[in-house]
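Residue numbers (the UniProt record's numbering): 1 to 270.
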């Protein structure tokens, strides 16, 4: 716990957390506005205009989407925090001091993973409270009620928390793999923002080439897509069941955490 507290102190004493926090807030507000329009259109019986029909256009499904607004960019921000928790040590040349103070490198990385998960929880809590307040008011005024008693909504909220925790862990793993701060941040951001679009395009082209829409479900192997699937509700022809996304993300978290420990234990620290 001392290591976790020290890692949290390192973040609190820099401008990193609040700059990323402002970014997460703005992303949440923007995403909520889009999702609110989306929900109003679907719930007013015009779901076909935006390609949403059946269970996907139900009040619980729309509520779950509203209450998890901002997840896409929010996960990027918490991943960057995880990266900076590791790369700051090398950028500011404090790694030697850290590992001399705590020679057991495994403990240091576990402390970073624990602190990263707590920060992920903090970001999830702040964005979720914002979404809940605005979403409940919007749905009530729109005549559909808050829908908070629905399991589909509750599940989306809980799995969104899991996504935030996992992506901070992934960030720590990336930071141990690429100790150069600028290189790690740029690589991670490009893979997340551009790589996700490229992967989706490739699977779309492959499904058309094979004339098999089920191929689209395999996009879940990409972590950013797995996060969206995990809170997306029921399976359909383009998306597997929510638990598949959860399994994929947990797998990435385990690989990232173990790799981070092994790499750090073997790395020479000057």
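Each residue gets a CB set at the ideal place from its N, CA and C atoms; glycine is no exception.
Bear in mind the structure is a predicted one, so any value in this text is a computation, not a measurement.
Own chain partners of residue 127 with C-beta closer than 7 Å, once the 5 adjacent residues on each side are dropped | 24, 28, 70 and 74
How do the segment 46 to 57 and the segment 154 to 165 stand: do at least 3 beta-carbon pairs fall below 8 Å, yes or no?
-> no
Quick one: what's got a C-beta closer than 6 Å to residue 36's C-beta in the same chain, skipping five residues either side?
-> 138
How is residue 1 classed by DSSP in three states: helix, strand or coil?
-> coil
Mind checking residue 271: buried by the 16 CB within 10 Å criterion, or exposed?
-> No statement about residue 271 is possible, as the shown extent of the chain runs from 1 to 270 and does not include it.
Since residue 120 contacts residue 165 with CB under 8 Å, what's their CB separation in whole angstroms?
-> 4 Å
Could you tell me if residue 85 is buried or exposed, where buried requires 16 or more neighbouring beta carbons within 10 angstroms of its beta carbon?
-> buried
For the alpha helix (DSSP H) that residue 89 lies in, which residues bound it at each end?
-> 71 to 91
Tell me whether residue 131 sits in a helix, a strand or coil according to DSSP, three-state version.
-> helix
Using 8 Å as the threshold, is the segment 171 to 183 in touch with the segment 260 to 267, meaning 3 or more CB pairs across them?
-> yes
Are three or more beta carbon pairs between the segment 33 to 51 and the segment 131 to 150 nearer than 8 Å?
-> yes
Helix, strand or coil at residue 15 according to DSSP, with G and I counted as helix = coil
Could you tell me which of 88, 253, 17 and 68 sits nearest to residue 182, measuring between CA atoms?
-> 88
Tell me which same chain residues have a C-beta within less than 6 Å of the C-beta of residue 231, skipping the five on either side of it?
-> 68, 156, 159 and 160
How many angstroms separate the CA atom of residue 170 from the CA atom of residue 131?
-> 25 Å
Simplified DSSP state of residue 102, which is helix, strand or coil = coil
Skipping 5 residues on each side, what residues in its chain have a beta carbon closer than 8 Å to that of residue 215?
-> 203, 206 and 207
Note down the Cα distance separating residue 34 from residue 105, rounded to an integer number of angstroms.
-> 45 Å
What do you reckon, are the CB atoms on residue 257 and residue 168 nearer than 7 Å?
-> no
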